[in-house]
Each structure stands twice: as C-alpha cells, then as structure tokens.
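Enquirer:
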Amino acid sequence: MKYNDLNIQTQRDAPNNARTEGFAFLVRAGYLTRENTPTQLGEVTLSHLRNLFSGPAFLAQLSLPTIGNNDEIFFSIASGPIEVAHCPNCKYTERLELARFAKTPLPQENELPLEKVLTPDCHTIEALANFLNIPKEKTAKALMYTRVSDNRFIFVVLRGDMQLTEAKLKQHVGDVRAATAEEIEKSGAAAGYASPIRLKDAIIVVDDLIPQSQNLVAGANETGYHLKNTNYGRDYSAEIVQDLIQARAGNACINCGNPLSVLSTINLATRKDYDFQNILLALAETHHDSKGLTLPHPAAPFDVYLMQVPGKELDTRANAEEIYNNLQNAGIPVLFDDRAERAGVKFNDADLIGFPIRITIGEKSLKEGMVEIKQRTGTNSNQLIPTQKITSFLKK
Ligand SMILES: [Zn+2]
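The following block contains the structure:
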C-alpha cells in the first residue's frame with residue numbers, strides 16, 4: 000500500500016486528551032483520531048490483527064504482557080476502566096468485584112449472653128463503634144435487598160469493618176435491588192438498627208466470616224437499641240453462607256497469601272471475543288520509545304516502511320516503485336511513502352508510525368547499487384544492502 004492511498008495524517012504534538020503515551024502515539028502516528036476512532040491506517044492494522052488471530056497463542060505472539068484467568072485476559076494501563084485484583088506472585092487475577100482473598104478471623108471467644116443496650120443516634124457502624132467504644136470488626140453490618148425475580152426480602156450480614164460487593168451477592172441470589180422502607184418494616188427489621196434475629200420471610204445471607212465471629216453487636220430491630228453478643232448459630236442462621244466481601248489492595252491472595260495489587264486495566268479478550276482495538280492500544284503502550292511506535296513483527300501491519308529521497312541525477316522515485324513492486328511480489332508487507340516530502344519529514348514519520356524496518360532509496364547509495372536498511376529498534380545502525388538482495392535479506 001501507499002502512504003497517499005491510506006491518507007495518513009501524522010501530528011507533531013500529542014493530543015491534550017491523551018492519558019497514556021501509547022494512545023498519544025496512536026493519534027500522532029495517524030492510527031486513531033483523538034476521539035479514539037480508527038483511521039484508514041488504523042482499520043488496516045485492525046484487520047491485519049484479525050487475520051493474524053490464531054487462537055489463544057495469538058496474544059503471546061504479539062509480545063504483550065497480559066494478566067488473566069480462564070475467562071478473561073486484561074492489560075494493565077493507567078487509563079483502564081476495569082479494576083482487577085492481581086497477585087504478582089502466583090498470578091491470580093480476577094475482576095475486583097469478584098476477587099477472592101484469604102480472610103483472617105478474629106480470635107475465637109466464648110459465646111456471651113445477649114444483652115440489649117440503648118444506642119441513641121447510632122445509625123451507622125462508625126457511630127455505633129464510637130458510642131460503644133469497640134472496634135468496627137466487633138459489629139455486624141446489615142444490608143437489605145429485594146430479589147428482583149420473586150420479590151423475596153434478602154437480609155445480608157457482614158462484619159462491620161468490611162464492604163459488600165453486590166457482584167458476589169448476585170452470584171448467589173440473583174439480581175437484587177435495594178429494599179424499600181415498606182419491605183424492611185414488613186420483615187420486622189428496623190432501618191439503622193436491623194439484625195437478622197427473628198425476621199419474618201427473609202432469606203438470610205451471611206459472609207463466611209460471620210459464623211467464625213463471636214459476640215458481635217447487631218441491631219435489636221428496635222429504633223435506638225442494639226444487641227450485644229449476637230452469635231451465628233445460636234441466635235440466627237442463614238440460608239446462604241458465602242464470601243461476599245470486596246477485596247482491597249494488600250489483602251492476602253486466596254492461593255498463596257501474598258498481598259494483592261489492584262490494577263486499572265482494559266479487557267483484551269473474553270472466552271468468546273477478542274477486542275482488537277484494545278489490543279492495538281496495548282501494543283502501542285508496550286512497544287514505543289521517545290520517537291514513536293516500535294511495533295514488532297508480526298504485530299505491525301507492514302514489515303517495511305519504504306521511502307525515497309529525491310535525487311539530482313537519478314530517478315530515485317522510479318527505482319523505489321520498482322523495489323516496491325518486487326517486495327509486494329515477494330509477499331513482504333510494505334508501505335511505500337510516495338509523498339513529495341523532505342527526507343527529514345519522512346524519517347520522522349517512519350519513526351512515529353513504527354514498522355520494524357525502514358528502507359531508504361537515496362541517490363548516493365543507489366549509484367553503488369545499494370539501498371539503506373534500518374531496524375526501528377535496537378542499536379543496529381543503518382546497513383547498506385545490494386538492491387537485488389533486499390527480498391532475500393528481509394526473508395531471513
Ligand atoms: Zn497469589
């Protein structure tokens with residue numbers, strides 16, 4: 000293909016909405032508009048990637064550092080919208096809202112008798128813990144939902160120092176919505192002072208730490224009062240006991256115990272689908288230097304950036320056309336910069352666009368029957384290759 004056919008527009012400056020270097024270079028090199036829409040060059044690159052696709056080994060072939068599990072593959076990037084928990088040690092990876100972690104139970108205690116206490120204005124765990132001068136982990140947090148499918152009342156209990164992830168709750172009970180004041184009252188619970196004890200028609204769901212946590216303070220289902228020393232098993236039980244807690248950075252990995260990291264990511268693949276535009280962004284993020292993209296083979300849409308420098312005596316343009324045709328006939332993917340631009344402009348654009356090899360046809364070397372070949376990466380400086388040996392050199 001030729002530069003002018005693709006209507007490539009490179010830019011000197013990074014767009015001001017760029018949050019990462021990879022995105023900035025994709026826009027500057029003319030693969031994407033600043034609105035993140037693929038240009039003609041972008042579309043050619045995306046269809047090249049689609050053609051390259053050959054199953055699960057595909058991403059490894061592109062030299063991309065990815066993280067993932069059996070269902071999804073992610074790429075870590077500052078602008079990524081998907082938060083993922085990741086263990087740097089054993090590589091455990093899961094969307095944050097579904098990530099598991101190793102929980103540490105509090106020391107075992109003997110069960111003490113229930114005790115009703117006056118707790119005025121203690122609507123929150125914070126206020127309750129302050130008022131009773133106890134740590135938050137010695138309280139039981141209540142959350143109330145209604146199941147969408149059958150309007151059943153769902154009462155959730157967690158340790159007061161932890162956060163529910165609704166994604167995990169939904170895995171166990173199906174889709175839910177917040178319970179209305181009327182539904183809460185009907186169940187016998189009191190908002191702000193709710194507990195799972197003596198409820199009517201409620202599905203009780205507790206986090207798996209609750210049966211291991213003795214003597215928690217929970218609501219008395221009476222405004223202004225709480226119960227000290229509530230105990231799972233003795234005072235109430237649950238239909239469902241499962242992990243319901245949102246993981247945080249630093250929580251212990253469920254597999255190996257190492258601290259989990261929380262990373263911003265984009266999704267590259269699910270079981271069903273590959274996201275080729277995200278893969279292009281991941282490629283740009285991984286493969287660039289200060290001058291532009293450094294796309295490796297076979298990720299680059301073209302292996303060769305072919306350009307010519309106008310001569311005084313020789314028609315370098317005609318020679319370049321001939322070499323372009325030879326490369327195409329040999330099946331080597333090549334982009335021919337056929338513009339009437341200064342050499343410096345073309346060199347800069349070749350670096351920005353970032354194909355693995357640049358071939359320059361110049362008068363001086365052409366007189367000796369040679370062309371100049373430069374690798375985009377590495378310290379390998381320019382090499383002179385006899386014109387008739389270009390294809391065999393590239394096929395090596
Ligand atoms: Zn681990």
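Using numbering that gives the first Met the number 0, read the sequence shown as starting at 0 and increasing by one per residue. Built from N, CA and C at the ideal position, the CB exists for glycine as well. Please read all numbers here as calculations on a predicted model, not as lab measurements.
1. Near S260, what residues of its chain come up, given a Cβ to Cβ distance below 7 Å and the 5 sequence neighbours on each side ignored?
2. CB-CB under 8 Å to Q8, same chain, minus the five flanking residues each way: which ones, in chain order?
3. Once DSSP output is grouped into helix, strand and coil, what is the label at Q374?
4. For the beta strand (DSSP E) containing V205, name the first residue and the last one.
5. In whole angstroms, give me the CA-to-CA distance for A251 and F100.
6. Quick check on DSSP: helix, strand or coil for Y231?
7. In chain order, what residues have a CB nearer than 6 Å to some heavy atom of ligand 1?
8. Assuming L127 and C121 are in contact, meaning their beta carbons sit under 8 Å apart, how far apart are those beta carbons, in whole angstroms?
9. Which residue wins for smallest C-alpha separation from K1, given the options Y304, G353, G368?
10. So what does I239 bridge to, in DSSP terms?
11. What is the residue span of the alpha helix (DSSP H) that L168 lies within?
12. When the Cβ atoms of the region 282-292 are set against those of the region 332-342, are three or more pairs found closer than 8 Å?
13. Assuming I357 and A349 are in contact, meaning their beta carbons sit under 8 Å apart, how far apart are those beta carbons, in whole angstroms?
14. Per DSSP, what kind of secondary structure is L383 in: helix, strand or coil?
15. When you compare each of S364, F354, I239 to T480 by their alpha carbons, which one comes out closest?
16. What do you get for S460, buried or exposed, if any count of 16 or more other CB atoms within 10 angstroms of its CB means buried?
17. Could you name each continuous beta strand (DSSP E) segment of 3 residues or more that falls completely within the region 78-152, going from the start of the chain to the end?
18. Between which residues of its own chain and D12 is the CB-CB distance below 8 Å, once the five residues before and five after are set aside?
19. With which residues is F74 paired in a DSSP beta bridge?
20. Take every Cβ of the region 227-240, pair it with every Cβ of the region 270-282, and state whether three or more of those distances are shorter than 8 Å.
21. If you follow the beta strand (DSSP E) that F22 is part of, which residue opens it and which one closes it?
22. Could you pull out every residue in the same chain whose Cβ sits closer than 7 Å to the Cβ of A178, ignoring the five residues on either side in sequence?
23. Just confirm the distance between the C-beta atoms of Q245 and L168, as a whole number of angstroms; I'd bet it's less than 8 Å.
24. Starting from R357, follow its DSSP beta bridges and name the residues at the other end.
25. A217 lies in the beta strand (DSSP E); which residues open and close that run?
26. Measure the C-alpha to C-alpha separation of R31 and T222 and round it to an integer number of angstroms.
27. I'd like the list of long-range same chain contacts for Y91, defined as Cβ closer than 6 Å, with 5 residues on each side in sequence excluded.
Expert: Answer, in terms of the structure:
1. Within the same chain, H85, P87, A248 come within 7 Å of S260 by CB-CB distance, once the 5 residues on both sides are set aside.
2. Around Q8: G29, T38.
3. In the three-state reduction of the DSSP assignment, Q374 falls in the strand class.
4. From DSSP, the beta strand (DSSP E) with V205 extends over 201-206.
5. Pairing A251 with F100, the inter-Cα distance amounts to about 6 Å.
6. Y231: strand per DSSP, three-state reduction.
7. With 6 Å as the limit, the residues whose C-beta approaches any heavy atom of ligand 1 more closely are C86, N88, C89, Y91, C252, N254, C255, N257, in sequence along the chain.
8. Right, their Cβ atoms sit about 4 Å apart.
9. Of the candidates Y304, G353, G368, the one whose C-alpha sits nearest the C-alpha of K1 is Y304.
10. In the DSSP output, where bridge partners are listed per residue, I239 has V204.
11. 165-172 is the span of the alpha helix (DSSP H), which, as asked, contains L168.
12. The count of Cβ pairs closer than 8 Å, one atom from the region 282-292 and one from the region 332-342, stays below three, leaving the stretches out of contact.
13. The amino acid at residue 357 is misidentified as Ile; the sequence shows Arg. For R357 against A349, the beta-carbon gap comes to about 5 Å, under 8 Å, which counts as contact.
14. Judged by DSSP in its simplified three-state form, L383 adopts strand.
15. Examination of residue 480 is not possible in this model, given that the chain is present from 0 through 395 alone.
16. This structure does not reach residue 460, given that the chain is present from 0 up to 395, and the question cannot be answered.
17. Listed in chain order, they are 81-85, 92-94, 114-117, 139-146.
18. If you ignore the 5 residues before and after D12, its C-beta comes within less than 8 Å of the C-beta of R27, all in its own chain and listed in chain order.
19. According to DSSP, residue pairing for F74 in a beta bridge involves I265.
20. The answer is no - the region 270-282 does not touch the region 227-240, with fewer than three Cβ pairs under 8 Å.
21. Where F22 is concerned, there is no enclosing beta strand (DSSP E), although the alpha helix (DSSP H) it sits in stretches over 20-27.
22. Closer than 7 Å at the Cβ level, and outside the excluded window around A178, lie M143, Y144, T145, F152.
23. 11 Å between Cβ atoms; not a contact.
24. According to DSSP, R357 bridges with Y304, K373.
25. Unbroken beta strand (DSSP E) run through A217: 215-218.
26. A small fix is needed here, since residue 31 is Leu in this sequence, not Arg. So the two alpha carbons sit approximately 59 Å from each other.
27. Sequence-distant partners of Y91 (beyond 5 residues in either direction) whose C-beta falls short of 6 Å from its own C-beta, in its chain, are C252, N254.
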